[in-house]
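Take a look at the structure set out below.
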Amino acid sequence: MLQGKIALVTGSAKGLGKTTALALADLGCDVAVSYVNSGTEALELARLIESKGVRAMAVRADVAVRDDNVRLVRSVAEAWGAVDILINNAGPFVRERRTFDAYGLDEIDYLMRGNLLGVMELDRLALPYMREKRWGRIVHFGFGRAAEARGWPHRSVYAAAKVGLVSFTKTLAAEQAEHGVTVNMVCPGDIRGSFKEKRIDDVRHLTDEEFPGIRPGTGEDVARVIAFLCMPQSDFLTGNVIDISGGFDPIRTIADANASGRNA
547 MLQGKIALVT GSAKGLGKTT ALALADLGCD VAVSYVNSGT EALELARLIE SKGVRAMAVR
607 ADVAVRDDNV RLVRSVAEAW GAVDILINNA GPFVRERRTF DAYGLDEIDY LMRGNLLGVM
667 ELDRLALPYM REKRWGRIVH FGFGRAAEAR GWPHRSVYAA AKVGLVSFTK TLAAEQAEHG
727 VTVNMVCPGD IRGSFKEKRI DDVRHLTDEE FPGIRPGTGE DVARVIAFLC MPQSDFLTGN
787 VIDISGGFDP IRTIADANAS GRNA
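One point on numbering: in the numbering used here, the residue at position 44 of the sequence shown is 590, and numbering is uninterrupted.
See the structure below:
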């Protein structure tokens, strides 16, 4: 379906990025993967992608650093001639739960750059190749219910960056539609740890304790949506923000659990 297309998937040595990179390779894409610290895993992924009969490369790049973004896109374009599909998966995240006043100024800058400004830079760098071909696919990553612009206690900077990305997704989609470029956003729910690299069949028999009645989410759930958005026939789908969460609200569930713990 995507034979010969050039895909760049950021932050793809592990997790959702890895699952997405493999899904695009299965559809015939040549895939460039990027990483910051997981060089061994990135090289292993590149070899796995090549075993599917397509080209692969691994490039070290921190999306929060402008020079790295320039070098990343340039490396792919110089090697393969274009960037047709850009999946902006990478983005720094602080796992420690803290209120905004506990963040340092450098941390705020890094999180905003990695989750918003760096994404905008990568889009800007890739767009000329897409516009020249009059075909392109850009996918941004958010979090569950990001389109509602709700508060996320203890995740203030990350949430602000991703909510800003919602507006940018819709604006860029409107601006680039006439050039054959679609721009969409996927918002995974609470897909945890090793489940980011699992397939749906691996979890069909499981039940998520926090979300009664549904199975846990997997990387395949996210990769299937991204693959669909990248299809040539999906050119009428742009400017969308798509929750992939089983219909549940991960932020509210986490907040309720924390409140219960404090009141216990």
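Using N, Cα and C, we set each Cβ at its ideal position, and we do this for glycine too.
query: Can you tell me which of the three DSSP states residue 737 falls into?; result: coil
query: Scan the region 709-791 and note each continuous alpha helix (DSSP H) run of 4 residues or more that stays entirely inside, going in chain order.; result: 746-749, 765-776
query: Please name the residue in 596, 791, 671 whose C-alpha comes closest to that of residue 734.; result: 791
query: Closest to residue 682 by C-alpha separation, out of 781, 630, 771, would be which residue?; result: 630
query: Closer than 8 Å is the cut-off here; do at least three beta carbon pairs connect the region 549-563 with the region 726-746?; result: yes
query: Taking residue 727 as the reference, which of 797, 614, 678 has the closest Cα?; result: 678
query: Could you tell me the alpha carbon to alpha carbon distance between residue 676 and residue 577, rounded to whole angstroms?; result: 16 Å
query: With DSSP as the reference, label residue 572 as helix, strand or coil.; result: helix
query: Secondary structure at residue 646, three-state DSSP: helix, strand or coil?; result: helix
query: Pick out the complete beta strand (DSSP E) segments inside the region 605-642, 3 residues or longer, and give them in chain order.; result: 631-634
query: Alpha carbon to alpha carbon, what distance is there between residue 620 and residue 719?; result: 23 Å
query: The beta strand (DSSP E) with residue 673 in it runs from where to where?; result: Here residue 673 belongs to no beta strand (DSSP E); instead the alpha helix (DSSP H) covers 664-679.
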